[in-house]
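2 protein chains.
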Amino acid sequence: MGIKERRKREKQFRKKEILAAAKVLFFEQGFAATSMNQIAKQVELSKGTLYLYFKNKEELYVSLLVEGLSLMNEAFVRAVQDKTTWIEKLSALGWAYYQFSVDQKQFFHINVQFHHGEITKNISDDLYQQCAEAAINALSFLSDAVQQGISTNEIKQEDPLSIAVILWGSLTGTIMLHEGKDHRKFIPAPIDLLIEKSINILIEGLKNNEPEDKAKM
Amino acid sequence: MGIKERRKREKQFRKKEILAAAKVLFFEQGFAATSMNQIAKQVELSKGTLYLYFKNKEELYVSLLVEGLSLMNEAFVRAVQDKTTWIEKLSALGWAYYQFSVDQKQFFHINVQFHHGEITKNISDDLYQQCAEAAINALSFLSDAVQQGISTNEIKQEDPLSIAVILWGSLTGTIMLHEGKDHRKFIPAPIDLLIEKSINILIEGLKNNEPEDKAKM
DNA sequence: TTATTAAATGACCAGTGGTCAGAAAATCAC
DNA sequence: GTGATTTTCTGACCACTGGTCATTTAATAA
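In order, the protein sequence lines correspond to chains A and B. For the first sequence, the residue numbers in my numbering are 16 to 232. For the second sequence, the residue numbers in my numbering are 16 to 232.
See the structure below:
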């Protein structure tokens with residue numbers, strides 16, 4: 016029964032065609048400024064057909080993120096492959112993430128929007144899960160490096176995953192603050208210096224930093 | 016000429032009425048799901064009138080942020096007023112920011128959207144400037160504390176403003192990652208623990224951390 | 001009272017995201 | 001081949017959107 020499989024392949028192909036068309040327009044114009052009509056025209060299908068492949072505009076938009084996160088994971092693999100110490104690894108991952116936010120600016124922006132949640136509200140559980148898994152996978156690069164630092168007793172922490180979230184969040188926030196989609200900027204410092212200091216501070220902060228039960232002031 | 020002034024006051028009042036109505040709906044439903052028609056109905060004005068006071072939907076939305084940033088600044092004033100060391104100050108500011116993101120969740124979200132830039136693209140330079148100034152003002156609390164640490168030689172850094180941006184960005188990112196508007200969560204660690212660790216790491220990272228011209232690996 | 005200015009209206013516009021009955025195309029059964 | 005069945009696709013249609021603007025209404029000035 017090769018026909019069923021061929022049809023399935025063709026359906027997948029259509030989906031990818033739609034995604035490719037959507038990518039062009041979303042990346043050029045942003046989410047709000049891009050309409051389903053435009054996408055339909057670009058991919059030479061009727062608008063109704065788009066809804067056979069994606070439940071709504073948000074789902075189509077966030078689906079792009081899957082590719083983006085995959086690219087990011089590849090970058091992370093490359094970043095750590097020839098590194099040995101946890102410091103080298105974390106530093107390389109930090110820089111790889113920053114580089115990703117430059118090279119794949121648009122993906123980075125979708126990622127921020129995904130985590131912010133306003134656009135994400137209407138996407139399917141399935142797609143959400145896909146993105147979450149990819150994100151967790153990215154986090155694991157960080158937490159592995161942290162775990163290594165814990166093993167060698169250079170980092171005094173209990174939960175490497177928590178630390179990974181902090182590292183990831185810190186860089187995401189700092190980059191976002193500086194590199195928004197609006198052309199206007201009010202932050203004086205150059206971004207690469209910011210990233211350098213940021214990575215440096217975070218790594219230094221992890222060294223021999225006893226976990227303590229401070230009162231929350 | 017008291018009439019001119021009275022009219023000006025009345026106009027300001029109208030503007031505030033519109034903002035109040037918009038706030039209710041935007042906070043309940045989010046930006047995209049709230050329409051200008053709804054807001055007009057809520058404030059008992061025609062839709063056209065809204066556009067006499069705000070140039071577009073985004074401008075109306077982001078205008079809310081001005082109030083939010085003002086609240087945040089007040090919280091920052093309270094946070095540092097009885098603190099002496101830079102560590103106490105930074106810690107208190109960090110917690111105050113987190114508390115703000117909980118108490119004024121919606122304002123925090125607008126702030127993220129503002130910095131992300133997708134929604135912000137169409138707002139006036141005037142409003143942008145207002146928000147930028149308020150943000151810089153908030154940053155100055157942080158950079159003042161950092162400056163204090165530099166003065167006492169406990170922090171080895173050159174540009175306190177850059178550090179302030181990093182601190183602000185780090186917390187913003189970490190909170191955003193964990194507290195998106197989507198109900199679904201995939202980050203296991205409790206947020207307050209994350210914040211505690213985050214503040215701790217950042218402060219430790221600042222202590223005696225020589226600024227160096229490391230190659231970017 | 002009349003003229004002037006300011007404020008508010010709502011019908012109107014092009015376009016939106018999304019739906020769905022029906023057309024078109026491909027596959028299956030014979 | 002033919003007709004029945006299933007899958008894919010279409011585009012007219014819907015309620016509604018953000019935004020505009022000639023016109024009306026109200027307030028002030030002369």
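All residues carry an ideal CB built from backbone N, CA and C; glycine is no exception. Since this is a predicted model, take the numbers as computed values, not measurements.
Who are the near neighbours of residue i in its chain, counting only those whose CB is closer than 7 Å to its CB and skipping five residues on each side?
i	result
A94/A	A107, L108 and A111
N71/B	N137
H193/A	I202, I206 and L209
A179/B	L154, L157, S158 and V161
R24/B	none
N152/B	N88
K38/A	L79
I165/A	Q172 and P175
Among the options, which residue has its Cα nearest to the Cα of residue i?
i	options	result
L209/B	N223/B, H198/B, K196/B and M191/B	M191/B
D207/A	L186/A, L221/A and R22/A	L186/A
N126/B	D118/B, K171/B and A150/B	A150/B
I181/B	R24/A, G184/A and V180/A	G184/A
Y68/A	E82/A, E32/A, S177/A and M87/A	E32/A
D141/B	E43/A, R199/A and E219/A	R199/A
F46/A	K222/B, T135/B and D174/B	T135/B
Q96/A	L80/A, F156/A, G83/A and D118/A	F156/A
L315/A	L34/A, E169/A, E59/A and T49/A	Here chain A comprises residues numbered 16 to 232, so residue 315/A is not present and cannot be evaluated.
Q172/B	V58/A, A160/A and S213/A	S213/A
V92/A	V81/A, L80/A and L105/A	L105/A
V117/A	G83/A, K26/A, Q144/A and K19/A	G83/A
N234/B	G17/B, I170/B, C146/B and I216/B	Residue 234/B is absent from the model: chain B starts at 16 and stops at 232.
Y143/B	E59/B, Q27/B and V81/B	V81/B
E59/B	N168/B, T167/B, A36/B and K98/B	A36/B
Y66/B	I165/B, A204/B and R29/B	R29/B
T167/A	E219/A, I18/A and N223/A	N223/A
Under 9 Å Cβ-Cβ, which residues of chain A neighbour residue i?
i	result
Y76/B	Those do not exist, as Y76/B stays about 11 Å from chain A at its closest Cβ, beyond 9 Å.
L186/B	G184, S185 and G188
I33/B	Under the 9 Å cutoff, chain A gives no residues; its nearest Cβ is about 22 Å from I33/B.
L208/B	D174 and S177
L79/B	Result: empty, since nearest Cβ-Cβ is about 14 Å, beyond 9 Å.
Along chain A, which residues have their Cβ under 7 Å away from the Cβ of residue i?
i	result
P203/B	L176
D197/B	G132, T135 and K136
E169/B	By Cβ distance, chain A contributes nothing, its closest Cβ being about 13 Å from E169/B, past 7 Å.
Y143/B	R199
K87/B	Residue identity check: residue 87/B is Met in the sequence provided, not Lys. Under the 7 Å cutoff, chain A gives no residues; its nearest Cβ is about 15 Å from M87/B.
Which bits of chain B does residue i rub up against, with CB to CB less than 8 Å?
i	result
A150/A	F201
Q27/A	Within chain B, no residue comes near Q27/A; the closest Cβ sits about 26 Å away, beyond 8 Å.
K104/A	By Cβ distance, chain B contributes nothing, its closest Cβ being about 11 Å from K104/A, past 8 Å.
Q128/A	H131 and E133
M51/A	Near M51/A there are no residues of chain B at all, since even the closest Cβ is about 15 Å away, more than 8 Å.
L157/A	Correct list: empty, because the minimum Cβ distance to chain B is about 12 Å.
L65/A	In chain order: nothing, as chain B lies at least about 19 Å away.
Between residue i and the rest of its own chain, which residues show a CB-CB distance below 8 Å, the 5 nearest in sequence each way excluded?
i	result
S61/A	A55
K231/B	At K231/B, the pLDDT of 38 sits below 50, so the modelled position is not reliable; the number obtained from the coordinates is stated separately. The answer is none, since no qualifying residue turns up.
S139/A	K70 and E74
Would you mind giving the Cβ-Cβ distance between residue i and residue j, rounded to the nearest angstrom? I have them listed as a contact below 8 Å.
i	j	result
H124/A	K196/A	6 Å
L86/A	Q53/A	Contact doesn't hold; Cβ gap of about 25 Å is too wide.
I170/A	L221/A	5 Å
F42/A	Q121/A	4 Å
Q27/B	L40/B	Contact flag wrong, Cβ pair sits at about 21 Å.
G257/A	T189/B	With chain A covering only 16 through 232, there is no way to say anything about residue 257/A.
Determine the chain B residues that contact residue i at a beta-carbon separation under 7 Å, and present them in chain order.
i	result
F46/A	E133
A153/A	Simply none; closest approach about 12 Å.
L217/A	I216 and G220
A147/A	F201
Going along chain A in order, which residues have a C-beta closer than 8 Å to the C-beta of residue i?
i	result
K212/B	Q172, S177, I178, I181 and P226
Which residues in the same chain have their Cβ closer than 6 Å to the Cβ of residue i, if we skip the five residues on either side of it in sequence?
i	result
L176/A	S158
A90/A	A111 and F115
Q163/B	W101
Could you tell me if the beta carbon of residue i falls within a distance shorter than 6 Å of some heavy atom in the ligand FMN?
i	result
L208/A	The ligand FMN is not part of this structure, which contains no ligands at all.
Since residue i meets chain B, which of its residues come closer than 9 Å, beta carbon to beta carbon?
i	result
L60/A	Under the 9 Å cutoff, chain B gives no residues; its nearest Cβ is about 25 Å from L60/A.
TODO: Could you pull out every unbroken alpha helix (DSSP H) segment of at least 4 residues lying fully inside the stretch 84–137 of chain A, listed in chain order?
DONE: 101–118 and 120–131
Open item on the list: Give the list of continuous alpha helix (DSSP H) stretches no shorter than 4 residues that lie fully inside the stretch 39–88 of chain A.
Closed with: 51–58 and 62–68
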